[in-house]
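If you're matching them up, the sequences are chains A and B in order. In terms of the numbering used here, the first sequence opens at residue 292 and continues consecutively. In terms of the numbering used here, the second sequence opens at residue 40 and continues consecutively. Notes for the one structure printed next.
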Amino acid sequence: KQEVTQIPAALSVPEGENLVLNCSFTDSAIYNLQWFRQDPGKGLTSLLLIQSSQREQTSGRLNASLDKSSGRSTLYIAASQPGDSATYLCAVLNAGGTSYGKLTFGQGTILTVHP
Amino acid sequence: DAGITQSPRYKITETGRQVTLMCHQTWSHSYMFWYRQDLGHGLRLIYYSAAADITDKGEVPDGYVVSRSKTENFPLTLESATRSQTSVYFCASIGLKTQYFGPGTRLLVL
């Protein structure tokens with residue numbers, strides 16, 4: 292059974308810092324890995340999607356990497372801003388086993404960027 | 040507007056009542072999913088559907104029923120609501136191996 296773990300569970304940083312969020316997964320049989328953002332009381336917004344054949348994806352100040360063989364992904368946020376404060380969720384789309392075709396989510400990292 | 044919509048957005052009900060949460064998508068995606076999100080548990084899959092009239096259980100299906108008579112709709116029914124079903128419910132569909140989520144329904148069972 293696929294398990295996804297995110298570290299740290301919570302992170303508080305001053306504005307302007309560069310930061311890294313970590314995601315690890317136990318089964319490397321995945322189609323892709325996706326990072327989502329969730330604001331309090333809101334739905335999920337997709338930030339970046341990395342296909343299993345890719346190593347990284349970039350969007351603005353965000354960069355996500357994927358090392359499928361080691362079961363790890365990182366989300367790098369450059370020059371953090373208070374507006375980046377949210378919960379960040381990592382999810383893998385499973386390509387094998389009993390979770391085939393389904394997303395498995397990590398529990399998220401709660402990010403607070405203070406002015 | 041294209042996308043996934045959920046209704047109602049907020050619902051308060053009582054223990055033992057039947058509740059149906061609606062989900063509608065405009066892309067004609069084959070796969071649709073229902074998740075619940077709870078503090079300490081993250082997002083957990085309740086049911087999913089590969090196509091109209093094809094549904095299957097996810098991780099936490101007990102107490103829920105789904106149907107899919109049309110591709111664009113995937114309603115979730117709580118047959119007899121319990122307090123443990125108080126949660127935020129998200130519907131999603133998948134296209135080009137990317138999942139798209141609805142805005143969620145906040146359900147409170149008293």
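The beta-carbon is built from N, C-alpha and C at its ideal position, and this holds for glycine as well.
Within chain B, Thr137, Gln138, Tyr139 and Phe140 have C-beta atoms less than 9 Å from the C-beta of Ser337/A, given in sequence order. For His63/B, the enclosing beta strand (DSSP E) has its first and last residue at Val58 to Gln64. Taken through DSSP and simplified to helix, strand or coil, Pro305/A comes out as strand. The beta carbon of Arg328/A is closer than 7 Å to those of Thr336, Leu338, Ala377 and Tyr379 in its chain, skipping five residues each way along the sequence.
Straight through space, the alpha carbons of Thr52/B and Glu308/A are spaced by roughly 45 Å.
For Lys359/A, no CB of chain B lies under 8 Å from its own CB, so it is not counted at the interface with that chain.
Tyr139/B has its alpha-carbon roughly 16 Å from the corresponding atom of Val127/B. By the Cβ test, the region 381-390 of chain A is in contact with the region 316-326 of chain A, since at least three Cβ pairs between them sit closer than 8 Å.
Note that the C-beta distance between Ile85/B and Tyr70/B is not below 8 Å.
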